[in-house]
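Novice: There's a structure below that I have some questions on.
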Amino acid sequence: MRAPHMSGTFPFPVKYGYSSVGQVEEGEGLEKGTTVFCLFPHQSHYLVRAEDLVVVPAGLPADRAVLAANMETALNICWDAQIGIGNRVAVFGCGVVGLAVGYLASQVPGVECTLVDLDASRSEPAERMGAAFCHPDQLRGEFDILINASGSGQALAQCVDHAGLEARIVEASWYGERSVTLPLGGAFHSRRLRLISSQVGHVSPLQRPRWTYARRLYKALELLGDDRLDVLISGETAFDDLPQDYGRILTDPSTLCHRIRY
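This is the structure:
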């Protein structure tokens, strides 16, 4: 699970991070002042190859372009899920990735997308994404596609409960070293359900013959053109203020994408 340009090893010391937007100050291939996105750890200045940079599309604010890595992940999930016209889709987990998946799914004609989360305050960003919202206990009916972006094994089990005949269940969470217990009895086999893993480290097999990593990342940036996506940014902190603010940012349940300003 190493990130591009990462230094060191976990737990510490490590230089980590992968969602940086800045301006070209010097180099070849790009004009000075060009706004670019780079999968690079958190720091104020860095030297990379020109091919490691993606020019931010004209009209896309730099402060929203920091969502590119999350949108790229959401795009890959939607490809793996094969969301089609008119599908009923349930997305578990209203973090940044889950909300971005809900946004993309809701753009497909006729799709009925429901975002599911324990935190009732996530109903507002979910509805901004064009999706319905409900608490897990309120979810009813069967779905064609179910996506788990919650990091919860319990949510994955609920996906099985609400999956229709031959439905696709896409597991997009990262569990690390944790084990997950999943009921694979009656419904899983009798309904011929399909459980699919999704991870952004590889382009979805359906697109892989034609799509490079660079093409996918640039498309993710293009998909950020809608200003409704600003709701995914929950705050911003100057780098020098992080030592005293970081704990509060991590423990605040309202935190989604929190920008760091250098």
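Quick note on numbering: numbering that gives the first Met the number 0 labels position 131 of the sequence shown as 130, and the sequence is numbered without any gaps. Just so you know, even glycine gets a beta-carbon here, dropped at the ideal spot from N, CA and C.
1. If Gly185 and Ser149 are in contact, beta carbons under 8 Å, what's the gap, nearest whole angstrom?
2. Per DSSP, Cys37 is paired with what?
3. Out of curiosity, what's the CA-to-CA distance linking Cys20 and Thr250?
4. For Pro40, is the classification buried or exposed, using 16 other Cβ atoms within 10 angstroms of its Cβ as the cut-off for buried?
5. Would you call the segment 133-150 and the segment 169-180 in contact, with 3 or more CB pairs under 8 Å?
6. Alpha carbon to alpha carbon, how far is Ala80 from Ala104?
7. Measure from the alpha carbon of Arg258 to the alpha carbon of each residue in Ile195, Leu164, Phe238 and Val110, then state which is nearest.
8. If we ignore side chains and look at the alpha-carbon of each, how far apart do His134 and Arg167 end up?
9. Mind reading off the beta-carbon distance from Ala99 to Leu231? Whole number of angstroms is fine, and I expect it under 8 Å.
10. Return yes when the Cβ of Val199 is within less than 9 Å of the Cβ of Ala68, no when it is not.
11. Quick one: what's got a C-beta closer than 6 Å to Thr254's C-beta in the same chain, skipping five residues either side?
12. List, from N- to C-terminal side, the alpha helix (DSSP H) runs of 4 residues or more that fit wholly inside the segment 57-94.
13. Which residues does DSSP pair with Glu126 in a beta bridge?
14. Rounded to the nearest angstrom, how far is the Cβ of Glu71 from that of Leu216, given a contact under 8 Å?
15. From Met128, Gly7 and Gly97, pick the residue whose C-alpha is nearest to that of Asn75; which is it?
16. Excluding the 5 residues preceding and the 5 following His114 in the sequence, name in chain order all residues of the same chain whose CB lies nearer than 6 Å to its CB.
17. What span of residues does the beta strand (DSSP E) with His188 cover, start to end?
18. Provide the residue(s) that pair with Lys14 in DSSP beta bridges, ordered along the chain.
19. Taking the beta strand (DSSP E) that Glu221 falls in, what are its first and last residues?
20. Rounded to whole angstroms, what's the CA-CA distance from Asp226 to Tyr261? Just pull it up for me.
21. Measuring alpha carbon to alpha carbon, tell me which residue in Leu183, Phe142 and Gln137 is nearest Ala156.
22. Roughly how many whole angstroms lie between the Cα atoms of Ile16 and Gln137?
23. Rounded to a whole number of angstroms, what is the C-alpha to C-alpha distance between Gly7 and Glu111?
24. Exposed or buried, Phe36, counting other C-beta atoms within 10 Å across all chains shown (16 or more means buried)?
25. Report the three-state DSSP secondary structure of Ala104 (helix, strand or coil).
26. Hey, which unbroken runs of the beta strand (DSSP E) at 3 residues or more fall wholly within the segment 160-209?
Specialist: For this structure:
1. The residue given as residue 185 occupies position 186 in the sequence shown. The residue given as residue 149 occupies position 150 in the sequence shown. With 8 Å as the limit, Gly185 and Ser149 do not qualify as a contact, their Cβ atoms being about 24 Å apart.
2. Within the sequence shown, numbered from 1, the residue matching residue 37 stands at position 38. Answer is Ser19 and Leu52, bridged to Cys37.
3. For the purposes of this step, residue 20 is identified with residue 21 of the sequence shown, where counting begins at 1. For the purposes of this step, residue 250 is identified with residue 251 of the sequence shown, where counting begins at 1. At residue 20 the sequence reads Val, which differs from the Cys that was named. Those two C-alpha atoms are separated by around 25 Å.
4. What you label residue 40 is simply residue 41 of the sequence shown in a count that begins at 1. So Pro40 ends up on the buried side.
5. yes
6. As a working note, residue 80 is residue 81 in the sequence shown. As a working note, residue 104 is residue 105 in the sequence shown. A straight line joining the alpha-carbon of Ala80 with that of Ala104 spans about 10 Å.
7. Position 259 of the sequence shown, counted from the start, is the residue given in the question as residue 258. Among Ile195, Leu164, Phe238 and Val110, the Cα nearest to that of Arg258 is on Phe238.
8. Against the sequence shown, residue 134 aligns to sequence position 135. Against the sequence shown, residue 167 aligns to sequence position 168. C-alpha separation (whole angstroms): 21 Å.
9. To locate residue 99, count along the sequence shown from 1; it is residue 100. To locate residue 231, count along the sequence shown from 1; it is residue 232. Yes, Ala99 and Leu231 are in contact; Cβ-Cβ is about 7 Å, under 8 Å.
10. Residue 68 sits at position 69 when you count from the first residue of the sequence shown. Residue 199 sits at position 200 when you count from the first residue of the sequence shown. Taking 9 Å as the Cβ cut-off, Ala68 and Val199 qualify as a contacting pair.
11. Here residue 254 refers to the residue found at position 255 when the sequence shown is read from its first residue. Ser233 and Ile248.
12. 61-64 and 67-80
13. In the sequence shown, the residue the question calls residue 126 occupies position 127. DSSP, once it has assigned bridges, lists no residue as partnering Glu126.
14. Here residue 71 is taken as the residue at index 72 of the sequence shown, counted from 1. Here residue 216 is taken as the residue at index 217 of the sequence shown, counted from 1. Correct: roughly 5 Å between the Cβ atoms.
15. Indexing the sequence shown from 1 puts residue 75 at position 76. Residue Gly97 is the option with its Cα nearest to Asn75.
16. In the sequence shown, the residue the question calls residue 114 occupies position 115. The residue asked about is misnamed: residue 114 is Leu in this sequence, not His. Only Val90, Cys93, Gly101, Ala125, Ala130 and Phe132 meet the Cβ criterion.
17. Here the question's residue 188 lines up with position 189 in the sequence shown. Careful: His188 lies outside any beta strand (DSSP E), inside the alpha helix (DSSP H) at Gly185 to Ser189.
18. Here residue 14 refers to the residue found at position 15 when the sequence shown is read from its first residue. Bridge partners of Lys14: Ser6.
19. Counting from one through the sequence shown, the residue named residue 221 turns up at place 222. Careful: Glu221 lies outside any beta strand (DSSP E), inside the alpha helix (DSSP H) at Tyr212 to Glu221.
20. Looking up residue 226 in the sequence shown gives position 227. Looking up residue 261 in the sequence shown gives position 262. Approximately 23 Å between the Cα atoms of the pair.
21. Stepping through the sequence shown from its first residue, residue 156 is reached at position 157. Put simply, of Leu183, Phe142 and Gln137 the residue whose alpha carbon is nearest the alpha carbon of Ala156 is Leu183.
22. What you label residue 16 is simply residue 17 of the sequence shown in a count that begins at 1. What you label residue 137 is simply residue 138 of the sequence shown in a count that begins at 1. Per the sequence shown, the amino acid found at residue 16 is Gly instead of Ile. Between Gly16 and Gln137, the alpha-carbon positions lie close to 36 Å from each other.
23. Counting from 1 along the sequence shown, the entry for residue 7 is found at position 8. Counting from 1 along the sequence shown, the entry for residue 111 is found at position 112. Between the alpha carbons of Gly7 and Glu111 lies a gap of roughly 44 Å.
24. Residue 36 sits at position 37 when you count from the first residue of the sequence shown. Phe36 comes out buried.
25. Within the sequence shown, the letter at position 105 stands for residue 104. DSSP places Ala104 in helix when its eight states are reduced to three.
26. Qualifying beta strand (DSSP E) stretches, in chain order: 162-170 and 193-196.
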